[in-house]
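Engineer: For reference, the structure I am asking about is given below.
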Amino acid sequence: MKILSVNCGSSSLKFKMYEMPEEEVLISGLFERIGEKASEYTIKLNGEKYSKEVELPNHKIAFEILVDELKKNNIIKKLDEIKGVGHRIVQGGDYFDKTVIASDDVVAKIDELATLAPLHNKAAITGINAAKEVIPNATETVVFDTAFHQTIEPVNFLYAVPYEWYTDYKVRKYGAHGTSHKYIASRLNALLGRTNTKLITCHIGSGASVSAIKDGVCIDTSMGLTPNAGLIMGTRCGDVDTSILTYMMQKKDISPKEMDTILNKKSGLLGISGVSNDSRDIEEGIAKGNERCVLAQKMYVGKIIDYIAMYYFELGGVDAIAFSAGVGENSIRTRMDIMEGLKVLGIVPDVDANNSRGEEKLITTNDSKVPVYVIPTDEELMIARDTYNLCN
Ligand code: AMP
């Protein structure tokens, strides 16, 4: 059965087509700068890659070209062979604790939740509507980044602000990256050979979050009402003293919208280093002796260690820790810095094993009290699995 896994941004469409249940990737690609100038798309097929510049006035045209490419490359002969289309949705609020079919009622709820994730949820709806027009007979599903975190108890999801903010305005922790944390946890359980486990999963990419997972169920996560909570990220500040906001808004006459932009787009590694949001550039800066890059890396790593320590206590121990996403899968240095900081837990890094990128791997020695793994995440596969299950 052919299943399409898609992730629509306001000007992008990323896709992977799977043969299910074999979980074989048939083709993948990315449409960029939709609705802008110089738009283009890239297709990956059989280990080869090609790009084309085309006019992409909207997501519907992107889906039409996608279908043409599927036919041209003999992935499908007829449109009806695409049985399911699964969409990644950032914010599902407390309405959704699992993947569901994208009915009109569900889409209306995603729209209602757009106040919490304005860019993402609106873009996803554009993608859902475009896919429905272009591939009308497929089952459309929606897979929420927040769903896996819906098992978190009030003691961990509430903020110590007036309770009515929660009852009247739904102010609470929702988390994000849930699909990724769920995938990493399922891989860790497979590697450990059991499901009654205490796990700490670190999804550290340009966005970053840590989750505490007990017996396959999420009990806490570092992102909050929005993704700008918890860890220091590429451009997001993560946890800060909230009084800084009002203080700086008064000092520099900053509007709420401007403040939101500064905290989400100009902070994090970029804000501290003044160099870049990309950890490769930070590492290059450190090699050149840039003190602010050294500081940014120390703060970044320190915050991850803080959360791992906190979740170690919340879980009452830990059976395995995993690193994933762009930094977690590729930054040898960051993983080593974090493991060094966790020595008190009896963690012993395996320097040779850690010296690789993008591979599922144990990176601690056999006598390490806690095994630490690199687990390349696969959110697209999770979307395809859920969509396949709903199609059945
Ligand atoms: P993601 O959001 O998961 O795609 O992660 C993107 C981020 O991963 C980039 O901004 C970099 O900070 C980081 N990254 C990717 N490759 C490397 C690498 N080889 N070394 C260090 N960081 C990397």
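Note that the sequence shown covers residues -17 to 374 in the numbering used here. Each residue gets a CB set at the ideal place from its N, CA and C atoms; glycine is no exception.
Within the same chain, show all residues whose beta-carbon is closer than 7 Å to that of Glu18, passing over the 5 residues directly before and after it, in chain order.
Structural biologist: Walking along the sequence shown from the start, residue 18 turns up at place 36. Excluding positions up to five away in sequence, the list reads Ser(-7).
Engineer: Can you check which of these residues, Val88, Ile286, Arg154 and Val137, is closest to Glu122 by C-alpha distance?
Structural biologist: Counted from its first residue, the sequence shown places residue 122 at position 140. Selected option, being the one with the closest Cα: Val88.
Engineer: Here's the rule I'm using: 16 or more other beta-carbon atoms within 10 Å means buried, otherwise exposed. How should Ala90 be labelled?
Structural biologist: Position 108 of the sequence shown, counted from the start, is the residue given in the question as residue 90. When all chains shown are included, Ala90 counts as exposed.
Engineer: Would you list the residues sitting across from Tyr23 in a DSSP beta bridge?
Structural biologist: What you label residue 23 is simply residue 41 of the sequence shown in a count that begins at 1. Phe13 and Lys34.
Engineer: Within 7 Å: the Cβ of Ala304 and any heavy atom of the ligand AMP?
Structural biologist: What you label residue 304 is simply residue 322 of the sequence shown in a count that begins at 1. The answer is no for Ala304.
Engineer: At a cut-off of 7 Å, would you count Asp368 as near the ligand AMP, judging by its Cβ distance to the nearest heavy atom?
Structural biologist: Along the sequence shown, read from residue 1 onward, the residue named residue 368 stands at position 386. No.
Engineer: DSSP on Asn171, reduced to helix/strand/coil?
Structural biologist: As a working note, residue 171 is residue 189 in the sequence shown. Asn171: helix per DSSP, three-state reduction.
Engineer: Report the three-state DSSP secondary structure of Ile83 (helix, strand or coil).
Structural biologist: On the sequence shown, residue 83 is found 101 positions in, with the first residue counted as 1. DSSP places Ile83 in strand when its eight states are reduced to three.
Engineer: Along the chain, where does the beta strand (DSSP E) containing Arg70 start, and where does it finish?
Structural biologist: Within the sequence shown, the letter at position 88 stands for residue 70. Unbroken beta strand (DSSP E) run through Arg70: Ile64 to Ile71.
Engineer: Assess, as a yes-or-no matter, whether the region 74 to 83 is touched by the region 361 to 374 under the definition of 3 or more beta carbon pairs within less than 8 Å.
Structural biologist: Counting Cβ pairs under 8 Å, three or more are found: they touch.
Engineer: For Asp143, which residues from the same chain have a beta carbon less than 7 Å from its beta carbon, with the 5 sequence-adjacent residues on both sides left out?
Structural biologist: Your numbering for residue 143 matches position 161 in the sequence shown. Note that residue 143 is Val in the sequence shown here, rather than Asp. Val153, listed in sequence order.
Engineer: Can you name, in chain order, every residue of its own chain whose Cβ lies under 6 Å from the Cβ of Gly75, other than the five neighbours on each side?
Structural biologist: Sequence index remark: in the sequence shown, residue 75 carries index 93 (1-based). Counting only Cβ-Cβ distances below 6 Å, and skipping sequence neighbours, we find Leu95.
Engineer: Quick one: residues in its chain with C-beta nearer than 6 Å to the C-beta of Lys247, no 5 flanking neighbours on either side, listed in chain order?
Structural biologist: For the purposes of this step, residue 247 is taken as the residue at position 265 of the sequence shown. Thr217, listed in sequence order.
Engineer: Helix, strand or coil for Ser391, going by three-state DSSP, please let me know.
Structural biologist: Residue 391 is absent from the model: the chain starts at -17 and stops at 374.
Engineer: Could you name the residues whose beta carbon sits closer than 5 Å to any heavy atom belonging to the ligand AMP, keeping them in chain order?
Structural biologist: Result (chain order): Gly187, Ser188, Asp260, Ser261, Arg262, Ala307, Gly308, Val309, Asn312 and Ser313.
Engineer: List the endpoints of the continuous beta strand (DSSP E) containing Asn(-11).
Structural biologist: The sequence position of residue -11 within the sequence shown is 7, counting from 1. Residues Lys(-16) to Gly(-9).
Engineer: Going by DSSP, what residues sit across from Ile314 in a beta bridge?
Structural biologist: Taking the first residue of the sequence shown as 1, we reach residue 314 at position 332. Per DSSP, none; premise fails for Ile314.
Engineer: Consider the C-beta atom of Thr217 and the heavy atoms of the ligand MG; say whether any pair is separated by less than 7 Å.
Structural biologist: Only the ligand AMP can be found as ligands here, which leaves the ligand MG out of the picture.
Engineer: Quick check on the burial criterion: 16 or more other C-beta atoms within 10 angstroms. Buried or exposed for Tyr145?
Structural biologist: Sequence index remark: in the sequence shown, residue 145 carries index 163 (1-based). So Tyr145 counts as exposed.
Engineer: Hey, Met2 and Tyr370: beta-carbon distance below 8 Å or not?
Structural biologist: Here residue 2 refers to the residue found at position 20 when the sequence shown is read from its first residue. Here residue 370 refers to the residue found at position 388 when the sequence shown is read from its first residue. Yes, the pair counts as a contact, with Cβ atoms nearer than the cut-off.
Engineer: Let me know if Tyr165 comes out buried or exposed under the rule of 16 or more other beta-carbons within 10 Å of its beta-carbon.
Structural biologist: As a first step, residue 165 is located in the sequence shown; it is residue number 183 there, counting from the start. Counting Cβ neighbours within 10 Å, Tyr165 comes out buried, since at least 16 surround it.
Engineer: Give, in chain order, every unbroken run of the beta strand (DSSP E) that is at least 3 residues long and sits entirely within the region 204 to 251.
Structural biologist: List check, beta strand (DSSP E) in window: nothing returned.
Engineer: Please report the residue range of the beta strand (DSSP E) in which Leu(-5) lies.
Structural biologist: Within the sequence shown, residue -5 is the residue found at index 13, counting from 1. First-last of the beta strand (DSSP E) with Leu(-5): Ser(-6) to Glu1.
Engineer: Between Asp319 and the rest of its own chain, which residues show a CB-CB distance below 6 Å, the 5 nearest in sequence each way excluded?
Structural biologist: Along the sequence shown, one-based indexing puts residue 319 at 337. Hits under 6 Å: Val283.
Engineer: Pull up the distance between the alpha-carbon of Arg70 and that of His159, whole angstroms please.
Structural biologist: Here residue 70 corresponds to residue number 88 of the sequence shown, with the count starting at 1. Here residue 159 corresponds to residue number 177 of the sequence shown, with the count starting at 1. The straight-line gap from Cα to Cα measures roughly 10 Å.
Engineer: If Met205 and Gly212 are in contact, beta carbons under 8 Å, what's the gap, nearest whole angstrom?
Structural biologist: Your numbering for residue 205 matches position 223 in the sequence shown. Your numbering for residue 212 matches position 230 in the sequence shown. Confirmed, about 5 Å.
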